[in-house]
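Protein chains in written order, with this note's numbering: chain A, 1319 to 1545; chain B, 1319 to 1545.
Ideal Cβ positions, reconstructed from N, Cα and C, are used throughout, including at glycine.
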DNA sequence: ATCCCACTTTTTGTACAACAATTTTATTTT
DNA sequence: AAAATAAAATTGTTGTACAAAAAGTGGGAT
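In C-alpha cells, the structure reads:
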C-alpha cells in the first residue's frame, strides 16, 4: 500500500521496457497514433467510428476512449456531434510548437550540461545518420532524428519532462508528416547533430542552448517556407 | 473545410468562455478532477467504478473514458486489472514538478518581458490577495495564486504552453491538497506576488526569471519540509 | 432555375446488460 | 496457523439500443 511512490521511481528508470500485455485501449491508441502520424488520414478527415471499429476490430467504446486520449495529446480534435478529426497545422502552430519545444528541450539541456553526461542513445542516433545514405529509407532518418531528441529529453531524468515532450513529439511528427521532404542529406544532418553533441560537451549552458536554438529555428523556417 | 485552422486561433483567444453544452465525459472529467483536487479521495485510494457511476449517475463507459483522460493528465494512475488510483507524490515528484514548472512558466515570462504587457488578471489576483485577511476562506487565496500564475501563462498567447501548464497545474493543486497549510499570511503572499509583477515590469528577462525562480523554489522547499 | 422547407438517413453520444479474465475475500483442509 | 481451494467481487471489453444532432434528399413556391 505505501509502495506506490516507490513504483513511480521504477517507472522513471524503465524508459522503454513494457512487459505488460497492454490493454485494448492502449493498443488501439498506439495503432491510431501510428496511422495518424504516417499520414494515413488527410488533415481535416473525420475518423468515423463504425469504420475504425471495423478496421481495428474493436468496440465503439474502446475506439471512443482511445480517440479521447489522442485528443488530450493534440493528435485529434473533437468537434461536438461531429466526431474526431485530424487537425491541420498552420504557421502559428509551427511557431507555437517550436516555442514550447525550446522550453522543454532547453530544460533538458540545462540538466545535461550540469551532469556532463551525453546520453549514449543520442550518440547512436548520430551514428545511424552517418551510416545512412540518401538512398536508404527516409523514415530511418526521421527515426534517428526522433531518437536523438528523445534521448536528450530522457537524459534529464524527469518523468514529467518526458511526458510533456512525448505529447509535443506527436505533434511534431504530425507536422513532419503533413509537410514532408524538407530534410537535407543524411550527411548534413549527421554533421548538424554532431555539432549539437559538441555544444553539450562544452558544458556551457548558453553555448549549448544557442546551438539547439539554431537547430530548432532552422527546422521552423524550413517548415514555414514550405508551401 | 479550410476553416479548421481559423478555429484554432479563436480558441486561443477565448480563454475561459465555454458556451458549449459540454459532453457527459467532459462534465464527469471536471467533476472527478474537482473531487480529486479537493482531497475528497485519499492518496492511494481506488476509484471503484460502480460507486463512481452511482455517485455521478453515469454509465461505466463514461466514467472509464473520463478516468483515462485524467490518467494522461497525471491526476490518476491506472493499474492493470486493479482500476484507477489517486497518486501519492513523493519528494522526487515535488522537485520534478517544480523543474518543469520553471521551464514552462519561464518561457511565458520571456514572452511577457518581450511584449511588456502585464496581464490584468494577474494584477487582479494580487488585489484579491491584498483584500483578503487570514480569516477569509483559505481556498480564496489558493484560487488567487492559481489565477495569478494561470494569467502569466495565458499572456504568452501560446496554446500549447497553456495546455501543458494546465496538466501541470492539476498536479500542483493535488500536491497542495495533499500537503496543505503551508501558506503564509495573505499580506505576505500579496507582497511576494507584487514583487513578481515588478520584476516583469523591469523588462529584463534575467531579473524576472530570477524572481520567479525564487518564488517556485520557496514553494518547493516549503512542500519538501512538510512531514 | 433557385431558394426554402419538411422528411429521411446517417452519425454521434450515452446508457444498459452481459461476459470472460483477473483479483480479492472467505472457507476449508492439512 | 499456514496452505490450498472455493466463492464473490471487480475490471476490461463487447454488443445492442436509442435519443439527439447533423447531413443528405426531394419536392413545391416564388
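Who does residue i pair with in a DSSP beta bridge?
i	result
residue 1407(B)	None, per the DSSP bridge assignment.
residue 1395(B)	1403(B)
residue 1530(B)	Answer is none; residue 1530(B) lacks a bridge partner.
Contact check, residue i vs residue j under 8 Å by CB: the rounded distance?
i	j	result
residue 1412(B)	residue 1541(B)	5 Å
residue 1419(B)	residue 1486(B)	6 Å
residue 1391(B)	residue 1386(A)	Their Cβ separation, rounded to whole angstroms, is 12 Å, which puts residue 1391(B) and residue 1386(A) out of contact at 8 Å.
residue 1476(B)	residue 1414(A)	5 Å
residue 1421(B)	residue 1421(A)	5 Å
Alpha carbon to alpha carbon, what distance is there between residue j and residue i?
i	j	result
residue 1510(A)	residue 1441(A)	13 Å
residue 1314(A)	residue 1504(B)	With chain A covering only 1319 through 1545, there is no way to say anything about residue 1314(A).
residue 1356(A)	residue 1423(B)	33 Å
residue 1457(A)	residue 1417(B)	33 Å
residue 1535(B)	residue 1409(B)	13 Å
residue 1529(B)	residue 1383(B)	40 Å
residue 1350(B)	residue 1367(A)	26 Å
residue 1483(A)	residue 1474(A)	12 Å
residue 1375(B)	residue 1445(A)	56 Å
residue 1533(A)	residue 1480(B)	24 Å
residue 1378(A)	residue 1371(A)	6 Å
residue 1393(A)	residue 1443(B)	34 Å
residue 1364(B)	residue 1402(B)	6 Å
residue 1432(A)	residue 1462(B)	35 Å
residue 1380(B)	residue 1388(B)	13 Å
residue 1439(B)	residue 1464(B)	11 Å
residue 1537(A)	residue 1354(B)	41 Å
residue 1508(A)	residue 1429(A)	23 Å
residue 1516(A)	residue 1488(B)	38 Å
residue 1397(A)	residue 1544(B)	44 Å
residue 1369(B)	residue 1399(A)	29 Å
residue 1571(B)	residue 1373(B)	Residue numbering for chain B in the displayed model covers 1319 to 1545; residue 1571(B) lies beyond these limits and cannot be assessed.
residue 1539(A)	residue 1455(A)	24 Å
residue 1425(A)	residue 1425(B)	10 Å
What residues in its chain sit with their C-beta under 7 Å from that of residue i, if we drop five residues either side in the sequence?
i	result
residue 1494(B)	1460
residue 1437(B)	1469, 1470, 1472 and 1473
residue 1512(A)	1444
residue 1434(A)	1521
residue 1514(B)	1529, 1530 and 1533
residue 1337(A)	Caution applies to residue 1337(A), whose pLDDT of 48 falls short of 50 and renders its modelled position unreliable; the value that the coordinates give is listed next. So the list is empty, once near-sequence residues are dropped.
residue 1447(B)	1459, 1462, 1504, 1507, 1508 and 1511
residue 1467(A)	1423
residue 1498(A)	none
Give me, in chain order, the residues of the same chain whose beta-carbon lies closer than 8 Å to that of residue i; leave out the 5 immediate sequence neighbours on both sides.
i	result
residue 1427(A)	1470, 1518, 1523, 1526, 1527 and 1530
residue 1496(B)	1357, 1361, 1406 and 1407
residue 1322(A)	In this prediction, residue 1322(A) has a pLDDT of 33, which is less than 50 and means its spatial position is unreliable; what the coordinates show is noted afterwards. Excluding positions up to five away in sequence, the list is empty.
residue 1345(B)	none
residue 1359(A)	1353, 1365 and 1404
residue 1490(B)	1415 and 1419
Return the chain-ordered list of same chain residues with a C-beta closer than 6 Å to the C-beta of residue i, the five sequence neighbours on each side being excluded.
i	result
residue 1343(A)	1380, 1383 and 1384
residue 1478(B)	none
At what residue ranges does the stretch 1338 to 1389 of chain A contain a whole run of the alpha helix (DSSP H), taking only runs of 4 or more? 1342 to 1355 and 1367 to 1374
Only counting runs of 3 or more residues, tell me where the beta strand (DSSP E) segments fall wholly within the stretch 1423 to 1459 of chain B, in order along the chain. none
Contained alpha helix (DSSP H) runs [length at least 4] in the stretch 1476 to 1516 of chain A, N- to C-terminal order: 1477 to 1496
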